[in-house]
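Colleague: Below is the structure I would like to discuss, written out as structure tokens.
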Amino acid sequence: MKSKKRVALFFGSFNPIHIGHLALANYIAEFTTVDEVRFVVSPQNPFKQNMDLLDDTIRLEMVASAIAEYPKFSVTDVEFSMPKPSYTCDTLKALSAQEPDTEFILVMGADNIMSFGKWKNFQWIIDNYSLMVYPRPGYSTEHPSEWTNVAIIEAPIFEISSTLIRDSIKEGKDVRYFLNHNVMEKIRRGNLYGYK
Numbered sequence: 043m044k045s046k047k048r049v050a051l052f053f054g055s056f057n058p059i060h061i062g063h064l065a066l067a068n069y070i071a072e073f074t075t076v077d078e079v080r081f082v083v084s085p086q087n088p089f090k091q092n093m094d095l096l097d098d099t100i101r102l103e104m105v106a107s108a109i110a111e112y113p114k115f116s117v118t119d120v121e122f123s124m125p126k127p128s129y130t131c132d133t134l135k136a137l138s139a140q141e142p143d144t145e146f147i148l149v150m151g152a153d154n155i156m157s158f159g160k161w162k163n164f165q166w167i168i169d170n171y172s173l174m175v176y177p178r179p180g181y182s183t184e185h186p187s188e189w190t191n192v193a194i195i196e197a198p199i200f201e202i203s204s205t206l207i208r209d210s211i212k213e214g215k216d217v218r219y220f221l222n223h224n225v226m227e228k229i230r231r232g233n234l235y236g237y238k
């Protein structure tokens, strides 16, 4: 019997996607047993207006341009057409319905595993999907012992944030090496994040 394709789902606003995101995804693709890492670009939450959040399509295009040269990465806009706010459990159901022969693994930071018990339908998620947890500075990866399908990975820690990059661009700093060259070019051409 053919084994299922294993796809790690990396959720985020990616505003913008940066080398920290890409290095983490690269680690997961090469040092774990997944076949692919899929970036799930989260849409603007209508209940949380963020003036710094670029249009959904622009962020999707930036991710697509950043990952274009690496065959183990893909990107999806599945949440763009889903009811807002989008919940991870609903996204997992939608993706599993579209690709019943794929095993999806949920990637999250240690900061999220701490609050995972408060997520909508968290028990259903833990009963049906594996979790892959990466370290974050200042957060423990401890979790209930009954969550047997949680794997802690020793991925490198990058203290780079999209907020730092956005603020730096506004201040006129050159942060080209924090970003994939295709993403930096999109920011330059579109004068995004106040780029001058």
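So our numbering is basically just the index in the sequence shown, starting at one, shifted up by 42. All C-beta atoms, glycine included, are put in the ideal place defined by N, C-alpha and C. Everything numeric in this text was worked out from a predicted model, so none of it was measured.
Which of the three DSSP states, helix, strand or coil, is assigned to GLY54?
Modeller: GLY54: strand per DSSP, three-state reduction.
Colleague: Less than 8 Å between C-beta atoms, sequence neighbours within five positions excluded: which residues of the same chain meet that for GLY54?
Modeller: HIS63, PHE81, VAL82, VAL83 and SER84.
Colleague: Grouping DSSP H, G and I as helix and E and B as strand, with all else coil, what is ARG101?
Modeller: The answer is helix: DSSP assigns ARG101 an H, G or I state.
Colleague: Please identify the residue among ILE199, HIS185, PRO113 and LYS162 whose C-alpha is closest to the C-alpha of PRO127.
Modeller: Of ILE199, HIS185, PRO113 and LYS162, the residue nearest in Cα terms is LYS162.
Colleague: What residue from GLY236, PHE200 and PRO186 has the CA that sits closest to ILE61's CA?
Modeller: It is PHE200.
Colleague: Strictly by DSSP, which residues pair up with LEU173?
Modeller: The partner list for LEU173 (beta bridge, DSSP) reads LEU148 and VAL192.
Colleague: What is the DSSP secondary structure of GLU78, reduced to helix, strand or coil?
Modeller: Of the three classes helix, strand and coil, the one that applies to GLU78 here is strand, per DSSP.
Colleague: Around the Cβ of PHE146, are there at least 16 other Cβ atoms within 10 angstroms (buried) or fewer (exposed)?
Modeller: Label assigned to PHE146: buried.
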